[in-house]
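Peer 1: Got a structure here, written out as structure tokens. Questions coming.
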Amino acid sequence: MRIQKTISGLPQLTSVKSETLKAAILALLLGFSLIYAVGFSETDRLHDSAHDSRHALSFPCH
Amino acid sequence: MIARMTRVTRFRSPATKTRTKQTSVITRVLATGLIAGIVAGLFVAAIQHVTTTPLILTAEIYEVGGEATQTGASMLTQSALLHRTFNTSLSTIALSMGYALILLAVMLLTEEKIDAYRATIWGACAFAATGLSAGLELAPQLPGAAETALHDRQIWWLANAALSALGLYLLIKTDPVLVKIFGLALILAPHFFAPIPAAPESHVPAELAAKFAAASLSVQALSWLLAGALAGGIYQLLGRHNDEAHP
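Protein chains in written order, with the numbering used here: chain A, 1 to 62; chain B, 63 to 309.
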């Protein structure tokens, strides 16, 4: 009975873990994209909009 | 039709149960990043408005060869200043969202329990790995300060942040002494390859630059700590319902 319970719970556990992994990777990609756009992008428009934040938060600017 | 069948079925299939949980992790992470980013970003933007931004505006007068009569003086019109404050606030909110999402992602990947206390400590470590560590070689600079090639500094900044973060993780979270020593080496290594500083030919007065360096480090620390505290707290809050339903 106990073994059966453990085995039947395994696919769910694996799935929850893989879903957590997906959430983490998505968050990582989104997070890095936001930081890149604000802190590093060389596009004039993004640079000008984020200029004061880049200086204030010590991203290399100019 | 499907809903009715679900209602008459006594037990949900394990697949249905899993799907419900799957959606909740992604939604919870994204909602946390969004809310924590907006709240932390607005607060940090307000602090920037009274600390770093007036120094940047004044430095811009020196950058074009002028001389400022007082700190906070600017060459811009009121409407241009308002537009600039809006853009700066938006950028800081986006950055805070990025910080919150990265902290959540790394805590999930390392299977760390996520709460406000732990996430604040991770935020402090992130500040040490980025702002504090990079500041040793590339001090926060005002416009008009002497600088070297931007691309070199950006690459070094990114490499230093990645290696310092990994090094700190190995130093704090692992047990073998050799791994800890390797972590320490990762933290120190980028400082041997830092970009050579520019010849000191800044147009900006030293007092202004010193004040800005201190203010910038404080604002950075605040932004990481706030993003961490709010991300941890909100993630925990949004999961309360789940935890009660599936203890």
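Note that CB positions come from ideal geometry on N, CA and C, so glycine has one too. Keep in mind that this is a model prediction, so the values were computed, not measured.
Throw me the rounded Cβ distance for the residue 204/B and residue 271/B pair, which I believe falls under 8 Å.
Peer 2: 6 Å
Peer 1: When DSSP labels each residue in this structure, what does residue 252/B get in the three-state scheme?
Peer 2: helix
Peer 1: Under 8 Å Cβ-Cβ, which residues of chain A neighbour residue 164/B?
Peer 2: Around residue 164/B, the beta-carbon contacts reaching into chain A at under 8 Å are 27, 28, 31, 32, 35.
Peer 1: If you draw a straight line from the alpha carbon of residue 21/A to that of residue 171/B, how long is it in whole angstroms?
Peer 2: 7 Å
Peer 1: Does the beta carbon of residue 47/A come closer than 8 Å to any beta carbon on chain B?
Peer 2: No, no contact with chain B.
Peer 1: Counting Cβ pairs closer than 8 Å, one from the stretch 45–58 of chain A and one from the stretch 146–161 of chain B, do we hit at least three?
Peer 2: yes
Peer 1: Using the Cβ count rule (16 or more neighbours within 10 Å means buried), how would you classify residue 302/B?
Peer 2: exposed
Peer 1: Check the Cβ of residue 171/B against every Cβ in chain A and list those closer than 9 Å, keeping chain order.
Peer 2: Per Cβ cutoff of 9 Å: 20, 21, 24, 25, 28.
Peer 1: Give the straight-line distance between the Cα atoms of residue 275/B and residue 25/A, rounded to the nearest whole angstrom.
Peer 2: Straight-line spacing of the CA atoms in residue 275/B and residue 25/A works out to 34 Å.
Peer 1: With a cut-off of 8 Å on the beta carbons, I'd call residue 157/B and residue 95/B a contact; round off their distance for me.
Peer 2: So it is not a contact: roughly 12 Å between Cβ atoms.
Peer 1: So which of 208/B, 218/B, 217/B, 219/B has the shortest CA-CA distance to residue 125/B?
Peer 2: Of the listed residues, the one whose Cα sits closest to residue 125/B is 208/B.
Peer 1: Give the residues of chain B in contact with residue 58/A, contact being defined as C-beta atoms less than 7 Å apart.
Peer 2: 193, 196, 197, 202, 278, 282
Peer 1: Going by other Cβ atoms of all chains shown within 10 Å of its Cβ, with 16 needed for buried, is residue 176/B buried or exposed?
Peer 2: buried
Peer 1: Report yes if the C-beta distance between residue 294/B and residue 179/B is below 8 Å; otherwise report no.
Peer 2: With contacts defined by Cβ atoms closer than 8 Å, residue 294/B and residue 179/B form a contacting pair.
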